[in-house]
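Enquirer: Structure incoming, see below.
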Amino acid sequence: MRLVVIGNGMVGQRFIEALAARDTGGRWSVTVLAEERRRAYDRVRLSAYFEGATADDLTLAPSGVPAGVDIRLGEPALAVDRAARVVRTEAGEYPYDVLVLATGSRPFVPPVPGRDAPGCFAYRTLDDLAALRAYARGRASGTVVGGGLLGLEAANALRLLGLRTSVVEFAAHLMPMQLDPPGGAMLRSRIEALGIAVHTGTAVTAIAAGDDGLHVDTSGGPTLDTDVLVFAAGVRPRDDLARAAGLATAERGGVLVDATLRTSDPAVFAIGECAAVDGRCYGLVAPGYAMADVVVDRLLGGGATFSGPDASTKLKLLGVDVATFGQATGPLDVVYADPANGLYAKLALSDDARTLLGGILVGDAGAYGPLRAAVGGPVPGKLADFLSAGAPDVALPGNAQVCSCNNVTKDAVLAAVADGCHDVPAVKACTRAGTTCGSCVPLIASLLAGAGVAQTRAICEHFAFSRQELFDLIRVRGIGTFSALVAEHGTGRGCDICKPVVASILASLGHGHILDGEQAALQDTNDHFLANIQRDGTYSVVPRIPGGEITPDKLIVIGEVARDFSLYTKITGGQRIDLFGARVEQLPAIWRRLVAAGFESGHAYGKALRTVKSCVGSTWCRYGVQDSVGLAVALELRYRGLRAPHKIKSAVSGCARECAEARSKDFGIIATDNGWNLYVGGNGGFRPRHADLLLSDVDTETLVRTVDRFLVYYIRTADRLQRTASWIEGLDGGLDHLRAVIVDDSLGLCADLDAAMARHIGSYTDEWRAVLEDPVKLRRFVSFVNAPATPDPSISFVRERDQPVPARRPVSLGLPEVRR
Amino acid sequence: MTAVVATVLWTPVCRLDDLLPERGVAALVGAQQVAVFRLHDDRLRAIGNRDPVSGAYVLSRGVVGTRADRPVVASPMHKQAYDLDTGACLDVDARVPVFPVRVRDGVVEVGSP
Numbered sequence: 006m007r008l009v010v011i012g013n014g015m016v017g018q019r020f021i022e023a024l025a026a027r028d029t030g031g032r033w034s035v036t037v038l039a040e041e042r043r044r045a046y047d048r049v050r051l052s053a054y055f056e057g058a059t060a061d062d063l064t065l066a067p068s069g070v071p072a073g074v075d076i077r078l079g080e081p082a083l084a085v086d087r088a089a090r091v092v093r094t095e096a097g098e099y100p101y102d103v104l105v106l107a108t109g110s111r112p113f114v115p116p117v118p119g120r121d122a123p124g125c126f127a128y129r130t131l132d133d134l135a136a137l138r139a140y141a142r143g144r145a146s147g148t149v150v151g152g153g154l155l156g157l158e159a160a161n162a163l164r165l166l167g168l169r170t171s172v173v174e175f176a177a178h179l180m181p182m183q184l185d186p187p188g189g190a191m192l193r194s195r196i197e198a199l200g201i202a203v204h205t206g207t208a209v210t211a212i213a214a215g216d217d218g219l220h221v222d223t224s225g226g227p228t229l230d231t232d233v234l235v236f237a238a239g240v241r242p243r244d245d246l247a248r249a250a251g252l253a254t255a256e257r258g259g260v261l262v263d264a265t266l267r268t269s270d271p272a273v274f275a276i277g278e279c280a281a282v283d284g285r286c287y288g289l290v291a292p293g294y295a296m297a298d299v300v301v302d303r304l305l306g307g308g309a310t311f312s313g314p315d316a317s318t319k320l321k322l323l324g325v326d327v328a329t330f331g332q333a334t335g336p337l338d339v340v341y342a343d344p345a346n347g348l349y350a351k352l353a354l355s356d357d358a359r360t361l362l363g364g365i366l367v368g369d370a371g372a373y374g375p376l377r378a379a380v381g382g383p384v385p386g387k388l389a390d391f392l393s394a395g396a397p398d399v400a401l402p403g404n405a406q407v408c409s410c411n412n413v414t415k416d417a418v419l420a421a422v423a424d425g426c427h428d429v430p431a432v433k434a435c436t437r438a439g440t441t442c443g444s445c446v447p448l449i450a451s452l453l454a455g456a457g458v459a460q461t462r463a464i465c466e467h468f469a470f471s472r473q474e475l476f477d478l479i480r481v482r483g484i485g486t487f488s489a490l491v492a493e494h495g496t497g498r499g500c501d502i503c504k505p506v507v508a509s510i511l512a513s514l515g516h517g518h519i520l521d522g523e524q525a526a527l528q529d530t531n532d533h534f535l536a537n538i539q540r541d542g543t544y545s546v547v548p549r550i551p552g553g554e555i556t557p558d559k560l561i562v563i564g565e566v567a568r569d570f571s572l573y574t575k576i577t578g579g580q581r582i583d584l585f586g587a588r589v590e591q592l593p594a595i596w597r598r599l600v601a602a603g604f605e606s607g608h609a610y611g612k613a614l615r616t617v618k619s620c621v622g623s624t625w626c627r628y629g630v631q632d633s634v635g636l637a638v639a640l641e642l643r644y645r646g647l648r649a650p651h652k653i654k655s656a657v658s659g660c661a662r663e664c665a666e667a668r669s670k671d672f673g674i675i676a677t678d679n680g681w682n683l684y685v686g687g688n689g690g691f692r693p694r695h696a697d698l699l700l701s702d703v704d705t706e707t708l709v710r711t712v713d714r715f716l717v718y719y720i721r722t723a724d725r726l727q728r729t730a731s732w733i734e735g736l737d738g739g740l741d742h743l744r745a746v747i748v749d750d751s752l753g754l755c756a757d758l759d760a761a762m763a764r765h766i767g768s769y770t771d772e773w774r775a776v777l778e779d780p781v782k783l784r785r786f787v788s789f790v791n792a793p794a795t796p797d798p799s800i801s802f803v804r805e806r807d808q809p810v811p812a813r814r815p816v817s818l819g820l821p822e823v824r825r
Numbered sequence: 115m116t117a118v119v120a121t122v123l124w125t126p127v128c129r130l131d132d133l134l135p136e137r138g139v140a141a142l143v144g145a146q147q148v149a150v151f152r153l154h155d156d157r158l159r160a161i162g163n164r165d166p167v168s169g170a171y172v173l174s175r176g177v178v179g180t181r182a183d184r185p186v187v188a189s190p191m192h193k194q195a196y197d198l199d200t201g202a203c204l205d206v207d208a209r210v211p212v213f214p215v216r217v218r219d220g221v222v223e224v225g226s227p
């Protein structure tokens, strides 16, 4: 069998070595096509090149070529013909039975004017470093663009070249991907102590070459004069070859592969930094090695899969220890900071302080090993103890309670795992742990991982895909029905998890009315009856009131409808009115009245845009600076009916006093003297979070365009039931990544995002009006199929504070008597 | 000795065409509320409509699917799954009655158990 490998970087090399070691029968004859003229070398330790290491010292392939492997250096692959199963290079054609893409990444160079000026370098290959060293000879100063992992490595390189070194980082602190702001500040002070200048919250806006070196303009910062400029602001997967060959690629770049590392063509695998597993690329070498091992196993008939690796890291950057493990922040954070000695440690704990969720160590990472192992268990002793390089025993005891709701111990969970429960749902079903409040689910997952059980991102037993992958599948393959999807890509007949997810994806992609044809069967009861089910089986009705602005006439209609149908009436938190206690068979009659008065569905029942709240704004308020109501109405009408992974809430405040509470919303807008500030990722609810500032002082057109893109990007890439707050927190690169994609168009997606939103706006129709006009859909709104007008006899009401409420409801706490 | 002959009383409730595949309807069979489901292959199942966890009569409005190849409906209230063949709840200790159901001349009939 003929195997062609494109790329001989660290992962490509690991792959051919692992295959040679395991393919003892000589099943595969391997050809490697390498772009560089050099065999694989250790890219992680590149700055060692300036400490005296030679290219030979860094090579990873010192001892010739494994038997049966033909390596073609300096012969880049130009095209893949998948139909003919041939890879073309300038020199010839290489037929394959199986192709492995290990094309790696290219450096990301921000699109600033002057970036090609003499003295500007990338930081990726030994050739880059050789050119940098030659240029730097006899020069005095160097600047690195990028204050992450790679940027600080590059800063070390410049320092070793004897240059006076500066670092410019776009985010507010160093290593934004790994560290929190105080950790980043501590690292900064350690690095500044080495004589390196650090500029954070600063973007390079232009580079001009003069006789005396480079002049670098920055946003908000000084103009920097430097002899050498190194771009080390991250990498992007090299997926162009795969793209040209028609292979599926991920939303954010990278060759789309499943957990077996197979691309959309079963004869083609992708590994390392070019591979997007479940749509996610990994920029570290350890996951790449794990991918190489999985493909080797698969090629030899094994069944290995790649499970998302532990993102914990421990590094020494410019001589400073930095380590992160688990999650960087928890409900409860214990922080130890010692500026005198440049030490910072933070442990993220569960809200009862019993469980270690993760942490950050800067300055001394001696406790990394034991702490990382303790994630998911209790913290033994004081945090201060962990700043010394001890290794206390931190194993969670067997009788420790994992699930306090159902009193399930660690031993019970591990016994279930030993009995064959190999995923979280199985452990939940067997032990009931995690079935109540769900807060221990991450701990169960970590116990599973600790027991050596691979975790899956599959949404349920019927699909081995995450929501984002399902979205890509449905969108790219143009799949229009659940039946077609489950027949080709799933098993069984679906469930209450995957069916509503698929229904939502189809709705986001504009597949007509949500109750059309087979789609009706996919909907959760709320979407199925276009109303919100309540504890007694009745429904509540919420007409849309855009921006919370309503005429007296319409208000009277709502009152009359509520009175005539005996509905309990309450004002909602989103500035509209909720009518409770409607029986299924009453819904059409209620809506006929509402639609006749000009109301539309408020989508309170959907994972969709709910409301855009507003304060009264400059029209009336003596403090208001912009028309917040007008904008709120326009936005609510623009995004009404937009289906998403979870509900979407918004608000517009007319001045900085923020009466609309916009920063608690998925997207919130606050008026300024000059325009609008846009905040994203806010949340009330279970885990409150203030929204982050994405844009400031923009005009309405820019604002709306950015919100359009924000929403479509969220809809395409978030997990099931993931609000924007946790989606942004989970984005690789967080808010900066989001800004790069939807403001700077770093992935070239914006035209597509804009078009998707334009399609949504153009195809909007009121769901309730459409039901009233369709006899087939109307027929479903009956109490009993054989007695359509007979009310469910189990439903009954009593009166409380002059309104009807369910007769059967929980006993409430004793409340003080209120005279009214 | 008296021979006891079990007789099932069949109540016609609707036409098969009235049922959406993989969805349910509620029907009144005598005084009992029954949830009738049409599976994707046109097999029919009928169980009690009362969700034993919430006490509300809503099981006919749940999402129909499979769990490990058994046909199930998920309660629309709190998502517990009920085996449509046996009435057993697969998530908590609960059970709902199962009713015989058949199609005659295109008409769906539910039997009294």
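Residue numbers (this note's numbering), protein chains in the order written: chain G, 6 to 825; chain V, 115 to 227.
Backbone N, C-alpha and C define an ideal beta-carbon position, used for all residues, glycine too.
This structure is a prediction, so every number in the text was calculated from the model and none was measured.
Residues of chain G with CB closer than 7 Å to the CB of Tyr171/V, please, in chain order.
Expert: Position 57 of the second sequence, counting from 1, holds the residue named residue 171/V. Correct list: Gly542, Asp797, Ser799.
Enquirer: Evaluate Gly542/G with the Cβ neighbour count: other Cβ atoms within 10 Å of its Cβ, from every protein chain shown; 16 or more gives buried, anything less gives exposed.
Expert: The residue labelled residue 542/G in the question sits at position 537 within the first sequence. The residue is buried, with at least 16 neighbouring Cβ atoms inside 10 Å.
Enquirer: Leu130/V versus chain G: which residues are under 9 Å apart at the beta carbon?
Expert: Stepping through the second sequence from its first residue, residue 130/V is reached at position 16. Under the 9 Å cutoff, chain G gives no residues; its nearest Cβ is about 12 Å from Leu130/V.
Enquirer: I want to see whether chain V comes within less than 9 Å of Gly499/G, judged by CB atoms only; does it?
Expert: Translated into positions along the first sequence, residue 499/G becomes position 494. Yes, its Cβ sits closer than 9 Å to a Cβ of chain V.
Enquirer: With 16 as the cutoff for other CB atoms within 10 Å, does Tyr54/G come out buried or exposed?
Expert: For this step, residue 54/G is matched to residue 49 along the first sequence. Buried is the call here.
Enquirer: In whole angstroms, give me the CA-to-CA distance for Leu708/G and Arg804/G.
Expert: The sequence position of residue 708/G within the first sequence is 703, counting from 1. The sequence position of residue 804/G within the first sequence is 799, counting from 1. Within the model, the alpha-carbon separation for Leu708/G versus Arg804/G is close to 47 Å.
Enquirer: Quick one: Cα of Leu453/G to Cα of Ala434/G, how far?
Expert: Start at 1 with the first residue of the first sequence, and residue 453/G comes out as number 448. Start at 1 with the first residue of the first sequence, and residue 434/G comes out as number 429. Roughly 14 Å separates the two Cα atoms.
Enquirer: Taking all protein chains shown into account, do 16 or more other C-beta atoms lie within 10 angstroms of the C-beta of Ala72/G, making it buried, or fewer, making it exposed?
Expert: Taking the first residue of the first sequence as 1, we reach residue 72/G at position 67. In summary, Ala72/G is exposed, with fewer than 16 beta-carbon neighbours lying within 10 Å of its beta-carbon over all protein chains present.
Enquirer: Which value, in whole angstroms, describes the spacing of the CA atoms of Gly395/G and Ala637/G?
Expert: Start at 1 with the first residue of the first sequence, and residue 395/G comes out as number 390. Start at 1 with the first residue of the first sequence, and residue 637/G comes out as number 632. With a pLDDT of only 35 at Gly395/G, under 50, the local geometry of the prediction cannot be trusted, and no value is derived from it.
Enquirer: What distance in whole Å lies between the Cβ atoms of Ala353/G and Leu826/G, which are believed to be in contact at a cut-off of 8 Å?
Expert: What is shown of chain G runs 6 to 825, which leaves residue 826/G out entirely.
Enquirer: Could you give the residue range of the alpha helix (DSSP H) that holds Pro187/G?
Expert: Taking the first sequence and counting its residues from 1, one reaches residue 187/G at position 182. Where Pro187/G is concerned, the enclosing alpha helix (DSSP H) stretches over 186–197.
Enquirer: Could you check which residue in Ser226/V, Arg181/V, Val222/V, Pro211/V has the C-alpha nearest to that of Ser163/V?
Expert: For the purposes of this step, residue 163/V is taken as the residue at position 49 of the second sequence. Just to set this straight, residue 163/V is Asn in the shown sequence, not Ser. It is Pro211/V whose Cα lies nearest to the Cα of Asn163/V.
Enquirer: Would Thr729/G pass as a contact of Phe691/G if the rule is Cβ separation under 9 Å?
Expert: In the first sequence, the residue the question calls residue 729/G occupies position 724. In the first sequence, the residue the question calls residue 691/G occupies position 686. No.
Enquirer: Is the CB-CB distance between Phe330/G and Gly364/G below 9 Å?
Expert: Taking the first sequence and counting its residues from 1, the one referred to as residue 330/G is at position 325. Taking the first sequence and counting its residues from 1, the one referred to as residue 364/G is at position 359. Against a cut-off of 9 Å, the Cβ pair of Gly364/G and Phe330/G comes out as a contact.
Enquirer: Where does the unbroken alpha helix (DSSP H) through Thr94/G begin, and where does it stop?
Expert: The residue given as residue 94/G occupies position 89 in the first sequence. Looking at the DSSP string, Thr94/G is not in any alpha helix (DSSP H); the run it does join, the beta strand (DSSP E), is 91–94.
Enquirer: Could you check how far apart the C-beta atoms of Gly293/G and Gly277/G are, in whole angstroms? I think they sit under 8 Å.
Expert: In the first sequence, counting from the first residue as 1, residue 293/G sits at position 288. In the first sequence, counting from the first residue as 1, residue 277/G sits at position 272. Contact flag correct, Cβ pair sits at about 4 Å.
Enquirer: Which same chain residues end up closer than 8 Å to Asp62/G when comparing Cβ atoms and leaving out the 5 residues on each side of it in sequence?
Expert: Here residue 62/G corresponds to residue number 57 of the first sequence, with the count starting at 1. These residues qualify, in order along the chain: Ala53.
Enquirer: Compute the beta-carbon to beta-carbon distance between Leu599/G and Val566/G, rounded to the nearest angstrom, for a pair I have assumed lies under 8 Å.
Expert: Mapped onto the first sequence, residue 599/G falls at position 594. Mapped onto the first sequence, residue 566/G falls at position 561. With 8 Å as the limit, Leu599/G and Val566/G qualify as a contact, their Cβ atoms being about 6 Å apart.
Enquirer: Going by DSSP, what residue range makes up the beta strand (DSSP E) through Val235/G?
Expert: The sequence position of residue 235/G within the first sequence is 230, counting from 1. According to the DSSP assignment, Val235/G belongs to the beta strand (DSSP E) that extends over 233–236.
Enquirer: What residues in the region 125–156 of chain V have a beta carbon less than 7 Å from any beta carbon of chain G?
Expert: Val127, Cys128, Asp132, Leu134, Pro135, Glu136, Arg137, Val139, Ala140, Ala141, Leu142, His154
Enquirer: Under 7 Å between beta-carbons, which chain V residues line up against Asn791/G? List them in chain order, please.
Expert: Counting from one through the first sequence, the residue named residue 791/G turns up at place 786. By Cβ distance, chain V contributes Val127, Cys128, Ala141, Leu142.
Enquirer: Step through the CB atoms of chain V and report whether any lies within less than 9 Å of the CB of Ser509/G.
Expert: Position 504 of the first sequence holds residue 509/G. Not one beta carbon of chain V lies nearer than 9 Å to the beta carbon of Ser509/G.
Enquirer: Residue range of the beta strand (DSSP E) that Ile161/V falls in?
Expert: To locate residue 161/V, count along the second sequence from 1; it is residue 47. First-last of the beta strand (DSSP E) with Ile161/V: 158–162.
Enquirer: Would you mind working out which of Ser194/G, Asp230/G, Asp713/G, Glu174/G sits nearest Ala145/G, comparing C-alpha positions?
Expert: By one-based count along the first sequence, residue 145/G stands at place 140. Nearest C-alpha to Ala145/G: Asp230/G.
Enquirer: Using a beta-carbon distance cut-off of less than 8 Å, what residues from the region 180–199 of chain V approach chain G?
Expert: Thr180, Arg181, Ala182, Asp183, Pro185, Val186, Ala188, Pro190, Met191, Lys193, Ala195
Enquirer: How many Å lie between Glu98/G and Asp75/G at the Cα?
Expert: Counting from 1 along the first sequence, the entry for residue 98/G is found at position 93. Counting from 1 along the first sequence, the entry for residue 75/G is found at position 70. Those two C-alpha atoms are separated by around 14 Å.
Enquirer: Please classify Glu158/G: does DSSP put it in a helix, a strand, or coil?
Expert: On the first sequence, position 153 is the one that residue 158/G refers to. Glu158/G falls in the helix class under three-state DSSP.
Enquirer: Answer yes or no: does any C-beta atom of chain G fall closer than 9 Å to that of Leu123/V?
Expert: By one-based count along the second sequence, residue 123/V stands at place 9. No, because no Cβ of chain G sits closer than 9 Å to the Cβ of Leu123/V.
Enquirer: What span of residues does the alpha helix (DSSP H) with Gly293/G cover, start to end?
Expert: Residue numbering aside, residue 293/G sits at position 288 when the first sequence is read from its first letter. Residues 290–304.
Enquirer: From which residue to which residue does the alpha helix (DSSP H) around Arg184/V run?
Expert: Your numbering for residue 184/V matches position 70 in the second sequence. Unbroken run through Arg184/V is the beta strand (DSSP E), 184–188; no alpha helix (DSSP H).
Enquirer: Kindly say whether Leu204/V, judged by its beta-carbon, lies nearer than 9 Å to any beta-carbon of chain G.
Expert: Counting from 1 along the second sequence, the entry for residue 204/V is found at position 90. True, the Cβ-Cβ gap to chain G drops below 9 Å.
Enquirer: Output yes or no for whether 9 Å exceeds the beta carbon distance between Gly371/G and Lys415/G.
Expert: The residue you call residue 371/G lines up with position 366 of the first sequence. The residue you call residue 415/G lines up with position 410 of the first sequence. Against a cut-off of 9 Å, the Cβ pair of Lys415/G and Gly371/G comes out as no contact.
Enquirer: So within the region 211–257 of chain G, which uninterrupted alpha helix (DSSP H) runs reach at least 4 residues, ignoring any that extend past its ends?
Expert: 245–249
Enquirer: Could you say which of Leu584/G, Gly324/G, Arg472/G lies nearest to Ser194/G if we only look at CA atoms?
Expert: To locate residue 194/G, count along the first sequence from 1; it is residue 189. With distances taken between Cα atoms, Ser194/G lies closest to Gly324/G.
Enquirer: Tell me, please, whether the CB atom of Val178/V is closer than 9 Å to any CB atom in chain G?
Expert: Here residue 178/V corresponds to residue number 64 of the second sequence, with the count starting at 1. So, interface residue.
Enquirer: Using only CA atoms, which one of Ile561/G, Arg643/G, Leu83/G, Val149/G lies nearest to Leu179/G?
Expert: Counting from 1 along the first sequence, the entry for residue 179/G is found at position 174. If we check each option's Cα against that of Leu179/G, Val149/G comes out closest.
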